[in-house]
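Student:
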Amino acid sequence: MLVPSVPESRYRRAVFWREQSVAVGRDKLAGRLYAPAAVPDAAGLVVHLHGGTFDSGTLASGEAVATTLAEAGAIVISLPYPLAPANPFPQALEASYAALEKIARDKARWVGKTAPLYVAGEEAGGNLAAALAMMARDRHGPPLAGQILFSPMLDSCLGTYSFRNAEAGPVGCRWADGWHAYLGSPEKAAHPYAAPVNAVRLTGLAPALIVTAEDDLLRDESINYAHRLKAAGVDTTIRIVGGPSRWPDAFAEGPRDGSCLCAACHHVSEFFTATAPS
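In terms of UniProt numbering, the sequence shown is residues 1 to 278.
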């Protein structure tokens, strides 16, 4: 049964969702499939990973971003992943990669065989999406048309100006606690899949769209990663939404007219057009 997602805007596509499980080995990830009421002929398929701080977040909390991706003109499969601290790095990442491989093999169930495949996520989900792009390159996995990162958690040091300016603090905040729960021990932060901003080899990755905001405490690490991707020859677009946006709390508000996710919907639509097969 298709369920209406957040209220539609008269400027964008109506979006509906239904439950969609993805088999990963002997297990199943109980996700959601989001689709615009009028699916574009050239619609791509997006594997979306919800936000949070590695130890929090749900499919429901990721509804607004998943809806935005579908409004921009794609079929979206939004997936849960094992949360820390019960499932430290790399368990969530490996489960997500297995799901990505399965979805890629079954792509014709939802879109055309030649439709582009994307990974996307916000906050911790953005971290996982960035790491999935690296894994797909390194393991010769599913070819990706792009990676879409909304305010991704990329830097476990939490020492950027935007983070300090937000007075979030390195200790006792949910981002620090989330990193600690995910990594378990500090040395794991050196792994490029754990903290992508530290990756040395960025060449050969899928094109990237990174969306942040002027008042986003994760803004500077997003911009830094975009610059490093560009320096490595990766086709990268960075979009900085004007404040005040209440970022990252804006992820839960839904892409209503005038919101930062409404602006993001436009940027994502442009990205889909730019990365569509010629």
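Beta carbons are placed, not taken as given, at the ideal position from N, Cα and C, and that holds for glycine.
For L218, collect the residues of the same chain with a Cβ closer than 6 Å to its Cβ; drop the 5 residues on either side in sequence, then sort them by chain order.
Tutor: For the purposes of this step, residue 218 is taken as residue 218 along the sequence shown, with counting starting at 1. Only S151 meet the Cβ criterion.
Student: May I ask you to report which of helix, strand or coil DSSP gives T58?
Tutor: Taking the first residue of the sequence shown as position 1, residue 58 is located at position 58. DSSP places T58 in coil when its eight states are reduced to three.
Student: May I have the straight-line CA-CA distance separating D215 from R246, to the nearest angstrom?
Tutor: The residue you call residue 215 lines up with position 215 of the sequence shown. The residue you call residue 246 lines up with position 246 of the sequence shown. So the two alpha carbons sit approximately 7 Å from each other.
Student: Looking at V65 and A35, is the spacing between their C-beta atoms short of 8 Å?
Tutor: Mapped onto the sequence shown, residue 35 falls at position 35. Mapped onto the sequence shown, residue 65 falls at position 65. In this structure, V65 does not lie closer than 8 Å to A35 by Cβ.
Student: Near C157, what residues of its chain come up, given a Cβ to Cβ distance below 7 Å and the 5 sequence neighbours on each side ignored?
Tutor: Here residue 157 corresponds to residue number 157 of the sequence shown, with the count starting at 1. Closer than 7 Å at Cβ, skipping near neighbours: no residue.
Student: Tell me the start and end of each unbroken alpha helix (DSSP H) in the segment 183-219 that is at least 4 residues and wholly inside, in chain order.
Tutor: If we require 4 residues or more, the segment 183-219 turns out to have no alpha helix (DSSP H) run fully inside it.
Student: Extract the residue ranges of the alpha helix (DSSP H) inside the segment 73-115, only unbroken runs of 4 or more that lie entirely within it.
Tutor: Within the segment 73-115, the complete alpha helix (DSSP H) runs of at least 4 residues are 91-105.
Student: Sort out for me which residues DSSP pairs T275 with in a bridge.
Tutor: As a working note, residue 275 is residue 275 in the sequence shown. Beta-bridge pairing links T275 to no other residue.
Student: Would A133 pass as a contact of A194 if the rule is Cβ separation under 8 Å?
Tutor: As a first step, residue 133 is located in the sequence shown; it is residue number 133 there, counting from the start. As a first step, residue 194 is located in the sequence shown; it is residue number 194 there, counting from the start. Going by C-beta atoms, A133 is not nearer than 8 Å to A194.
Student: Could you work out which residue in T275, S56 and T67 is closest to P88 when comparing CA atoms only?
Tutor: To locate residue 88, count along the sequence shown from 1; it is residue 88. Nearest of T275, S56 and T67 to P88, Cα basis: S56.
Student: Could you tell me whether the segment 235-244 touches the segment 109-120, where touching means 3 or more Cβ pairs closer than 8 Å?
Tutor: Contact between the segment 235-244 and the segment 109-120 is absent, because fewer than three Cβ pairs lie under 8 Å.
Student: Between the Cα of P142 and those of R13, K113, N224 and V234, spot the shortest distance and give me the residue it belongs to.
Tutor: Along the sequence shown, read from residue 1 onward, the residue named residue 142 stands at position 142. Comparing Cα-Cα distances from P142 to each of R13, K113, N224 and V234, the minimum goes to K113.
Student: When the Cα atoms are used, what is the spatial distance from T67 to R26?
Tutor: As a working note, residue 67 is residue 67 in the sequence shown. As a working note, residue 26 is residue 26 in the sequence shown. Rounded to the nearest angstrom, the two C-alpha atoms are 29 Å apart.
Student: Would you identify the three-state DSSP class for T68, choosing helix, strand or coil?
Tutor: Stepping through the sequence shown from its first residue, residue 68 is reached at position 68. Here T68 sits in helix by DSSP.
Student: In the DSSP assignment, find the unbroken alpha helix (DSSP H) run with L132 in it and report its ends.
Tutor: The count along the sequence shown starts at 1 and reaches residue 132 at position 132. Counting along the chain, the alpha helix (DSSP H) containing L132 begins and ends at A124 to D138.
Student: For A74, which residues in the same chain have their Cβ closer than 6 Å to its Cβ, ignoring the five residues on either side in sequence?
Tutor: Sequence index remark: in the sequence shown, residue 74 carries index 74 (1-based). Only A43, G44 and V46 meet the Cβ criterion.
Student: Buried or exposed for D138, going by 16 or more other Cβ atoms inside 10 Å?
Tutor: As a first step, residue 138 is located in the sequence shown; it is residue number 138 there, counting from the start. Exposed, by the Cβ-count rule.
Student: Between G125 and I77, is the Cβ-Cβ spacing less than 8 Å?
Tutor: In the sequence shown, counting from the first residue as 1, residue 125 sits at position 125. In the sequence shown, counting from the first residue as 1, residue 77 sits at position 77. Cβ atoms of G125 and I77: not closer than 8 Å.
Student: Measuring alpha carbon to alpha carbon, tell me which of N127, E122 and A104 ends up nearest P116.
Tutor: Residue 116 sits at position 116 when you count from the first residue of the sequence shown. The candidate whose alpha carbon is nearest that of P116 is A104.
Student: From A145, A86 and S21, pick the residue whose C-alpha is nearest to that of S278; which is it?
Tutor: Along the sequence shown, one-based indexing puts residue 278 at 278. Ranking A145, A86 and S21 by Cα distance to S278 puts A145 first.
Student: Where does L229 sit, in a helix, a strand or coil, going by DSSP?
Tutor: On the sequence shown, residue 229 is found 229 positions in, with the first residue counted as 1. Residue state, collapsed to three classes: helix.
Student: Within 10 angstroms of the Cβ of T203, are there 16 or more other Cβ atoms? Answer buried if so, exposed if not.
Tutor: Position 203 of the sequence shown, counting from 1, holds the residue named residue 203. That one is exposed.
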